[in-house]
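Protein chains: 2
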Amino acid sequence: MKKKTQTFILKQPVYIISSASLAGKKEGVGPLKGYFDRIAENDTMGENTFEKAEREMFYQTASAAVRKADKKFDEIDFMLSGDLTNQIVSSSYCASAVKVPFVGIYSACATFAGTLGLASSLISGNLIDTCLCVSGSHFSTAERQYRYPLEFGNQRQTYSQWTVTGVGACVLSSIGKGVKITKVCFGKVIDFGVKDIANMGAAMAPAAMDTLCAFFNDTNTKPDDYDVIATGDLGKLGSDILIDLMKEKGFELGQNYIDCGNMVYSSMEDCMQGGSGAGCSALVFNSYFIKKLKEKRFKKMLLVSTGALMSTTTNQQGETIPCTAHLVEVNND
Amino acid sequence: MKKKTQTFILKQPVYIISSASLAGKKEGVGPLKGYFDRIAENDTMGENTFEKAEREMFYQTASAAVRKADKKFDEIDFMLSGDLTNQIVSSSYCASAVKVPFVGIYSACATFAGTLGLASSLISGNLIDTCLCVSGSHFSTAERQYRYPLEFGNQRQTYSQWTVTGVGACVLSSIGKGVKITKVCFGKVIDFGVKDIANMGAAMAPAAMDTLCAFFNDTNTKPDDYDVIATGDLGKLGSDILIDLMKEKGFELGQNYIDCGNMVYSSMEDCMQGGSGAGCSALVFNSYFIKKLKEKRFKKMLLVSTGALMSTTTNQQGETIPCTAHLVEVNND
Chain A
1 MKKKTQTFIL KQPVYIISSA SLAGKKEGVG PLKGYFDRIA ENDTMGENTF
51 EKAEREMFYQ TASAAVRKAD KKFDEIDFML SGDLTNQIVS SSYCASAVKV
101 PFVGIYSACA TFAGTLGLAS SLISGNLIDT CLCVSGSHFS TAERQYRYPL
151 EFGNQRQTYS QWTVTGVGAC VLSSIGKGVK ITKVCFGKVI DFGVKDIANM
201 GAAMAPAAMD TLCAFFNDTN TKPDDYDVIA TGDLGKLGSD ILIDLMKEKG
251 FELGQNYIDC GNMVYSSMED CMQGGSGAGC SALVFNSYFI KKLKEKRFKK
301 MLLVSTGALM STTTNQQGET IPCTAHLVEV NND
Chain B
334 MKKKTQTFIL KQPVYIISSA SLAGKKEGVG PLKGYFDRIA ENDTMGENTF
384 EKAEREMFYQ TASAAVRKAD KKFDEIDFML SGDLTNQIVS SSYCASAVKV
434 PFVGIYSACA TFAGTLGLAS SLISGNLIDT CLCVSGSHFS TAERQYRYPL
484 EFGNQRQTYS QWTVTGVGAC VLSSIGKGVK ITKVCFGKVI DFGVKDIANM
534 GAAMAPAAMD TLCAFFNDTN TKPDDYDVIA TGDLGKLGSD ILIDLMKEKG
584 FELGQNYIDC GNMVYSSMED CMQGGSGAGC SALVFNSYFI KKLKEKRFKK
634 MLLVSTGALM STTTNQQGET IPCTAHLVEV NND
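Chains A and B, in that order, give the protein sequences.
Numbering-wise (my numbering), the first sequence opens with residue 1 and increments by one.
Numbering-wise (my numbering), the second sequence opens with residue 334 and increments by one.
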């Protein structure tokens with residue numbers, strides 16, 4: 001038996017028939033404010049805990065994506081979702097309300113491309129016809145779970161990032177037209193020995209490099225073949241590291257390279273290296289990129305969501321940070 | 334477009350070409366002691382934290398499954414794994430050592446059947462040829478993460494369960510003979526309003542019922558058609574509840590029904606309702622059941638891993654427990 005390549009070339013394209021985005025208040029005043037479906041008035045969504053607020057954002061965004069696909073929940077075959085909360089409870093409680101067969105995914109901030117990759121594989125393999133993909137994060141739940149109590153008001157390192165409050169969701173289908181997923185490349189787990197959990201960009205860049213190189217080699221393509229290559233949340237420092245790493249491997253990331261984390265906040269804010277979180281690439285893809293793809297402003301895109309797979313326990317026990325990056329090729333040509 | 338059924342009937346059977354099991358010390362003196370590949374001498378595996386011990390158990394079991402398949406890691410196309418630690422770090426650090434494309438799954442104690450379901454779908458859909466599936470848990474990491482510090486020595490409720498220390502792993506392939514997966518049914522998330530995290534059996538039984546009924550209705554089968562139907566970790570109380578719930582739906586679970594959680598400990602021990610955890614059904618399936626299937630003692634089996642999807646945060650915030658159950662049909666006929 002021949003080993004398959006790391007890249008899955010889908011036998012039939014899988015269409016993104018709808019997408020929805022809900023941004024937090026801070027994200028809603030950033031450079032992408034004109035692209036979001038909805039901007040939350042505040043980060044509590046009228047709930048009494050941030051965790052309930054995050055869950056409500058998941059449900060509202062999932063509902064909007066299904067509604068925009070002109071479907072009801074019971075017309076959806078499958079749901080894949082993930083987030084950053086312990087035991088991915090935002091996704092599971094959302095799935096409890098949505099009531100379709102569901103598997104939770106954990107790839108940290110690489111989750112969104114992970115859901116797209118698995119969903120389009122299952123659709124292309126003719127196991128399901130439609131799948132709801134959801135990913136998101138909330139600054140306040142992530143900050144108090146991974147770092148410090150919000151009330152502590154800790155100082156941030158200059159190389160830190162800001163967890164995006166926002167959710168992106170989309171419905172994939174075997175039948176459609178326009179924007180479609182054509183190839184998928186799931187990442188290996190790469191650990192370059194970075195231990196500083198504030199420096200996620202540096203930890204994740206080697207994983208992004210590994211997946212991108214595997215994809216280009218598998219498909220005999222190069223960065224120039226794409227109108228846009230977007231990583232998930234490497235931030236400014238991480239993006240610079242990726243550009244250098246790719247150059248060493250013989251691939252030039254040029255003007256077509258961008259990072260979702262660098263797009264979501266204005267530079268004058270306190271977000272240091274930019275946005276991060278399972279909501280980062282999900283929010284930016286389901287607002288800005290999906291619009292540009294529909295308008296054929298971009299015809300060929302690679303989305304490479306990046307994730308750092310540590311926990312507070314492993315960090316406190318002095319472990320390094322294993323990272324991954326999942327890639328999907330999205331076309332509208 | 335017609336909605337597909339909840340049950341996936343695989344176009345081609347997917348073979349379980351190898352399996353491996355590593356049990357903790359307590360599990361290694363239970364009724365199944367003769368079936369495990371390996372029994373750990375102690376629960377620390379020579380490491381200085383229980384978390385590192387759990388990770389080592391994952392790696393050793395994954396390695397054993399690949400070795401028993403007469404393969405090397407780089408001959409494996411894909412890996413799916415999950416566990417109970419926050420951010421499923423046991424799986425991610427194991428994947429970092431295994432170095433094959435990897436997606437982490439979180440379905441709590443339903444994880445093992447979830448990995449089998451996704452892996453066999455991807456193989457049947459011709460996206461990959463081979464997949465490594467891993468799931469496990471460790472009493473000491475789970476207890477201190479979900480409940481109390483081990484040193485506290487809390488009293489256990491009579492309806493509580495004991496998290497299994499153990500890992501099960503297997504390699505699935507498109508090519509093989511003998512034991513094979515032929516159908517898959519992923520669960521919806523079902524919440525019957527149980528809030529007591531000690532009473533997992535009662536919380537999970539309705540999810541097991543929901544998936545079993547969906548499967549029997551989709552495939553026009555009944556419990557009698559199977560030599561054995563094994564739920565993951567409902568425990569004694571949860572199993573009794575499931576039998577009652579199924580009876581109400583018109584399905585009689587008879588002598589062929591068993592629960593992995595009820596099989597793993599001797600009744601005189603302090604495990605109350607039996608075993609639980611992401612390692613429970615993984616360990617029992619990859620030891621006892623796989624042997625009985627190979628010997629054709631059982632020719633047709635349903636494995637229904639059950640999972641409770643809450644976190645300590647949702648519990649402390651007074652939420653109910655959403656649950657799920659994933660099912661795979663395994664044959665050797």
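C-beta atoms are modelled at their ideal positions from N, C-alpha and C, and glycine is treated no differently.
These figures come from a predicted structure and were not determined experimentally.
Not a single C-beta of chain A is nearer than 7 angstroms to the C-beta of ASP403 of chain B.
Residue range 235-248 is occupied by the alpha helix (DSSP H) that includes LYS236 of chain A, with no beta strand (DSSP E) assigned at that position.
Where GLY437 of chain B is concerned, the enclosing beta strand (DSSP E) starts and stops at 435-439. For PRO346 of chain B, the enclosing beta strand (DSSP E) starts and ends at 340-356. Along the region 376-447 of chain B, the alpha helix (DSSP H) occurs as fully enclosed runs of 4 or more residues at 383-401 and 422-431, listed in sequence order. Contact residues of the region 617-642 of chain B toward chain A are LEU642 (C-beta to C-beta distance below 8 angstroms). Residue pairing from DSSP places SER470 of chain B in a beta bridge opposite B:GLY499. For SER107 of chain A, the chain B residues whose C-beta falls within less than 7 angstroms of its own C-beta are VAL436 and GLY437, listed in chain order. When the alpha-carbon of TYR348 of chain B is set against those of B:GLU374, B:ALA452, B:PRO482 and B:GLY565, the nearest one is in B:ALA452. Counted as a single uninterrupted DSSP element, the beta strand (DSSP E) harbouring THR182 of chain A occupies residues 180-185. Around the CB of GLU628 of chain B, fewer than 16 other CB atoms lie within 10 Å, so the residue is classed as exposed.
Secondary structure of ALA641 of chain B (DSSP, three-state): strand.
The beta carbon of ALA541 of chain B is closer than 7 angstroms to those of THR564, LEU567, LEU575, VAL637, THR639 and ALA658 in its chain, skipping five residues each way along the sequence. In the displayed model, THR158 of chain A falls within coil according to three-state DSSP, outside both helix and strand. With a 10 Å radius around the Cβ and a threshold of 16 neighbouring Cβ atoms, PRO149 of chain A comes out exposed. What SER614 of chain B touches in chain A, judged by beta-carbon distance under 9 angstroms, is nothing: the nearest beta carbon there is about 16 angstroms away. Not a single C-beta of chain A is nearer than 7 angstroms to the C-beta of PHE548 of chain B. The C-beta of GLU384 of chain B comes closer than 7 angstroms to at least one C-beta of chain A.
Within its own chain, the residues whose Cβ lies closer than 6 angstroms to the Cβ of ARG371 of chain B, once the five positions on either side in sequence are excluded, are LEU355, listed in chain order. The three-state reading of DSSP puts THR219 of chain A in helix, counting H, G and I together. GLY458 of chain B places its beta carbon 7 angstroms or farther from that of LEU283 of chain A. Take the alpha-carbon of TYR59 of chain A and the one of MET310 of chain A: they are about 26 angstroms apart.
With distances taken between CA atoms, ALA202 of chain A lies nearest to A:ALA308 out of A:ASN256, A:GLY24 and A:ALA308. Of the candidates A:ALA20, A:GLU41, A:VAL171 and A:LYS4, the residue whose Cα lies closest to the Cα of PHE73 of chain A is A:VAL171. Per DSSP, CYS593 of chain B is one residue of the alpha helix (DSSP H) stretching across 593-596. Taken through DSSP and simplified to helix, strand or coil, ILE290 of chain A comes out as helix.
Linking GLY279 of chain A to PHE50 of chain A through their CA atoms gives a straight-line distance of about 15 angstroms. With respect to the C-alpha of LYS569 of chain B, the residue from B:ALA547, B:ASP603, B:GLN494 and B:ASP558 having the closest C-alpha is B:GLN494. According to the DSSP assignment, ALA198 of chain A belongs to no alpha helix (DSSP H), since it is labelled neither H nor E.
For SER266 of chain A, the number of other beta carbons within 10 angstroms of its own is below 16, and it is reported as exposed. Interface criterion met: the Cβ of TYR93 of chain A is under 7 angstroms from a Cβ in chain B. The Cβ atoms of ALA62 of chain A and SER18 of chain A do not sit closer than 7 angstroms to each other.
Contact check for THR653 of chain B against GLY526 of chain B passes: the beta carbons are separated by less than 7 angstroms. One alpha carbon belongs to GLN155 of chain A, the other to SER81 of chain A, and they sit about 32 angstroms apart.
If you ignore the 5 residues before and after LYS528 of chain B, its C-beta comes within less than 6 angstroms of the C-beta of THR653, all in its own chain and listed in chain order.
Any Cβ of chain A closer than 7 angstroms to the Cβ of PHE341 of chain B would place that residue at the interface, and such an atom is present.
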